[in-house]
Amino acid sequence: SGNEMWGGRFAAKPAAIMQAINASIDFDQRLYAEDIAGSKAHAAMLAAKGIIPAADEAEIQRGLDAILAEIEAGSFAFSREREDIHMNVEARLAELIGPAAGRLHTARSRNDQVAVDFRLHVKRALAETDGALGRLIEAFLDRAEEHAETVMPGFTHLQVAQPVTFGHHCLAYVEMFARDRTRCRDAIARMDESPLGAAALAGTGFPVDRHMTAAALGFSGGPTRNSIDSVSDRDFALEFLSVAAIAATHLSRFAEELVIWSTPQFGFVRLSDSFSTGSSIMPQKRNPDAAELVRAKTGRVNGALVSLLTVMKGLPLSYSKDMQEDKEQVFDAIDSLALSLSAAAGMVRDMRVDAGAMRRAAGHGFSTATDLADWLVRELGLPFREAHHVTGRAVALAESAGTGLEDLSLDALRTLHPGITDAVYGVLGVDASVRSRTSFGGTAPANVRREIAAWRERLAAR
Ligand code: ARG
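Under the UniProt record's numbering, read the sequence shown as residues 9 to 470, first letter to last.
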C-alpha cells in the first residue's frame, strides 16, 4: 500500500507539505524514554490481564528494550513518514519482532499515549527545576553569610531609600526562589495522575487495569478519573509554563540588578571573566552578557506560556491536533529555564562583591533620614509627621551645603528643633541604621544570620 500507517483506509501518501506541517518527530523524539516506558507498562498490564498472550508480551518487552538501546546509541533512524515518536517506535518494533508488535496498541490510542509521555516529561522537568532552584538558593545563602553585615543602599523607585545589608538583599531572592520551589511541588502533586488507558477519549471495553499502569509509571495519584479530560487536558503543561514564567521573571529581575550593579557608576559587583565578555572595539569594556541573556530568556519562557494558553483557549473537547503544538514551547521553556538557573548560580558564586563601594553608596542620598525622624519621635516625643517635616528641612540644609546628614553641625540641627542633642549622631551612620532594624523580617545583621541558619535547616530537611 502507498500509506504505511493508515493503509487500510488511505490509498495515497500525504502531500509533502502535509508531512511538513504534520510530522512532529523532529521535536517529539525527545519523549522517547517516556514513550518506551509507557509502552512497557502498558504491555505488562495487557499480559497480566490476559488481553495479550504472555509470549507476545515478552517479545514486545525485548523489542522495546532494543529500541531504547538503539536510540541511546544514536543508531535509530527516525522517520518523518512515521510522523511522531509513537509511530516511529511502534513501526520499528514491528521490524524487530514481527506480528506480535501489532498487539501493543490494544486498548490504547496515541491520544492517551502522548498525554502520558508528556506528563512524565513535564513532571521530571519540574523535579529538575526544583533541584536547580535549590542549588541557586545555596549560592545565595553562601554570599548572604559572607555579607551579613555588608551595608548597601536599599532602593525604592531605584532611588536610594534606606541602608540595608547585602545579606538581606540576597535573602530576598532566596524567598522568591523558595516560593518557586513550592510551586514546582504543588504542580507535580496536581499532575501526578496517569491518563493511560483513557484510549482515544471514551475509555475501552478491554479489561485494562489503569491502576497498575499508573503505579508502574510512578503516578502517585493513580489514574485520571475522566477519559475525556485525560486526553484533552494540558493543564500540567500550562502549570509548568506558569511556574517557569514566574521563576524566569525572578531570574530576570536579579539579572537586571547584576547589569546595574556591575556598571562603573555603581561598581557594587564585578562579574567574573567566565560570565562576562569583552568588546571587539572598546578595550575597556566588560559586558555582563550572561546576565543580559538570562534577562532575555525570560521573554522566551513567558512567550511559551502565552503561546500555549492561546493554542488551548479555543479547543473543543477532547483531543485536537492543535495540541501537538504544546511540545516545542514546553521544551524550549525547560531548556531556557535550566540554562538560566545554572548561569545565575554561577554568577552568584563567582561575582566579586565590592563592600566598600556598596557602603559608600549607602552613605549617599540621605539614606538615614528615616533614622533621624525615628530618633525625633523616640527621644523628643514628636509625632511622626512633624518629625518627617523637621527631617525634611535637615535634608534640604545638607543638600544645599553639599554634605551628608551626619556632617551637619549640632547648631545647625538645633535651628530645626531645639531639643536635638549630640546623641542624634549615633543614628545618622549607616551601620547603626541597619543594626537597629531588628523587627521580624528586618535587615539587621543578627536577623540575617538567623534567617540563613533557618534556611540551611529547611534545605537539609528535604
Ligand atoms: N503527535 C501527536 C501529538 O503530539 C500525537 C497524538 C496524535 N493523535 C492523533 N489523534 N492524531 O499530539
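Backbone N, C-alpha and C fix where the C-beta goes; we use that ideal spot for every residue, glycine too.
Could you check whether the stretch 366 to 384 touches the stretch 399 to 415, counting it as contact only if at least three pairs of C-beta atoms, one from each stretch, sit closer than 8 Å?
yes
Continuous alpha helix (DSSP H) stretch holding M13: start and end
No alpha helix (DSSP H) contains M13, which DSSP labels as neither H nor E.
From the DSSP output, in three-state form, read off P272 for me.
coil
By how many angstroms is the C-alpha of V309 removed from the C-alpha of A152?
28 Å
Give me the Cα-Cα distance between D188 and V403, rounded to the nearest whole angstrom.
41 Å
C-alpha distance - S9 paired with A108, whole-angstrom precision:
Its pLDDT being 48, under 50, S9 is placed unreliably by the model, and the measurement read from it follows with that caveat. Their backbone Cα atoms lie some 21 Å apart in a straight line.
For the stretch 407 to 420 against the stretch 370 to 377, are there 3 or more C-beta pairs whose distance is under 8 Å?
yes
Check whether the stretch 338 to 351 touches the stretch 296 to 314, taking contact to mean three or more Cβ pairs, one atom from each stretch, closer than 8 Å.
yes
Expressed to the nearest angstrom, what Euclidean distance is found between the alpha-carbon atoms of R386 and L424?
17 Å
Taking the beta strand (DSSP E) that G162 belongs to, which residues open and close that run?
159 to 164
Would you mind reading off the limits of the beta strand (DSSP E) that contains P171?
167 to 173
Beta-carbon gap between E336 and F35 smaller than 7 Å
yes
What whole-angstrom Cβ distance do L179 and V456 have, given they're in contact under 8 Å?
6 Å
Grouping DSSP H, G and I as helix and E and B as strand, with all else coil, what is I25?
helix
If we count the other Cβ atoms within 10 Å of its Cβ and call it buried at 16 or more, is K48 buried or exposed?
buried
Can you check whether the CB of G175 is closer than 7 Å to the CB of H155?
yes
Coil, strand or helix - S328 by DSSP
coil
8 Å Cβ shell around D43 - same chain, five flanking residues per side excluded:
I93, H94, V97, Q121, D125
I need the boundaries of the alpha helix (DSSP H) containing Q69, first residue and last residue.
62 to 81
Distance check for D194 and A222, CA to CA, integer angstroms please.
19 Å
Would you say the beta carbon of D330 comes nearer than 6 Å to a heavy atom of ligand 1?
no
Please confirm if the stretch 257 to 269 is in contact with the stretch 224 to 232, defined as three or more CB-CB distances below 8 Å between the two stretches.
no
Let's see if you can read the secondary structure: which residues bound the alpha helix (DSSP H) around M281?
The sequence shown places Asp at residue 281, rather than the Met named in the question. From DSSP, D281 is part of no alpha helix (DSSP H); its letter is neither H nor E.
Check whether the Cβ atoms of A353 and A147 lie closer than 7 Å to each other.
yes
Among Q273, L134, A255, which one has its Cα closest to the Cα of Y181?
A255
Do S117 and A207 count as a contact pair if the criterion is CB distance below 7 Å?
yes
Can you give me the Cβ contacts of residue 548 inside the same chain, cut-off strictly under 7 Å, excluding the 5 residues immediately before and after it?
Because the chain is modelled from 9 through 470, residue 548 falls outside the range shown and cannot be assessed.
C-beta atoms of P203 and S240 nearer than 7 Å:
no
In the DSSP assignment, find the alpha helix (DSSP H) that holds L416 and state where it starts and stops.
Element bounds for L416: n/a, residue is neither H nor E.
Where N295 falls: helix, strand or coil (DSSP):
strand
Report yes if the C-beta of N30 is less than 6 Å from at least one heavy atom of ligand 1; otherwise report no.
no
May I have the straight-line CA-CA distance separating A51 from L209, to the nearest angstrom?
20 Å
Locate the alpha helix (DSSP H) running through T446, then write down its first and last residues.
That residue, T446, is in no alpha helix (DSSP H); it is neither H nor E in DSSP.
Whose C-beta lies closer than 6 Å to the C-beta of F18 among residues of the same chain, with five residues either side of it excluded?
N11
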